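Student: Please see the structure below; I have some questions.
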Amino acid sequence: MEREKRLDLIKLLLKNNKISTVRELAEIMEEQYNLIFSMTTVAKDLQHLRVTKVPNGSAPSYYVLPEKNEANSFREAFKKYRDDSINSIIVKDSYILIKTEPGFARTINYCIDQMQLPHVLGTVSGNDVIMMLMKSNEEAEYVKYLLLKP
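Numbering-wise, the sequence shown is residues 1 to 150 according to the UniProt record's numbering.
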């Protein structure tokens, strides 16, 4: 099967199922369509499609496809979280630390990642803290400005 058809199948499966692992996706492709692919191939396809995982409460997180105009929709979602669930945003050297209400850090981190902010090298979150890394203090201050602008 050529790659584009495989990608279309993966998109279809992700739209219609809450799939949590690469193995689960590969098994569905084998069981339902009699198509066998290595987990490495499937993982690379997910990466190519820019698939991400979203939290699902107490259930396992699952893969979702990026939305059209996703950066803008995630900026709007971040603004809502910023007003309701973020307690503080602190710049320290080339880092930004965001303190959230318990349980919200991963969801807010997901929004930040999908906003595709310039200068952000990476993000890490726990239960109630998000750490963002930039190259310099100036870039961190600029990203904080972007996060706080109305």
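For each residue, glycine too, the CB sits at the ideal point set by N, CA and C. Predicted model, so just to flag it, every value in this text is computed and none were measured.
Can you confirm whether residue 130, when its beta carbon is compared against all beta carbons of chain D, has any partner nearer than 8 Å?
Tutor: Chain labels in this structure do not include chain D; a single protein chain is all it has.
Student: List the DSSP bridge partners of residue 62.
Tutor: Within the sequence shown, numbered from 1, the residue matching residue 62 stands at position 62. In DSSP, residue 62 forms a bridge with 54.
Student: Helix, strand or coil, according to DSSP, for residue 99 in the structure here?
Tutor: Within the sequence shown, residue 99 is the residue found at index 99, counting from 1. Three-state result, residue 99: strand.
Student: Considering only residues of the same chain and omitting the five flanking positions on each side of residue 7, which have a CB-CB separation below 8 Å?
Tutor: Mapped onto the sequence shown, residue 7 falls at position 7. Excluding residues within five positions, the ones whose Cβ falls inside 8 Å are 45, 48, 49.
Student: Quick check: the Cα distance between residue 114 and residue 63, rounded to an integer number of angstroms?
Tutor: Residue 114 sits at position 114 when you count from the first residue of the sequence shown. Residue 63 sits at position 63 when you count from the first residue of the sequence shown. About 14 Å.
Student: So for residue 80, helix, strand or coil by DSSP?
Tutor: Counting from 1 along the sequence shown, the entry for residue 80 is found at position 80. Three-state DSSP puts residue 80 in a helix.
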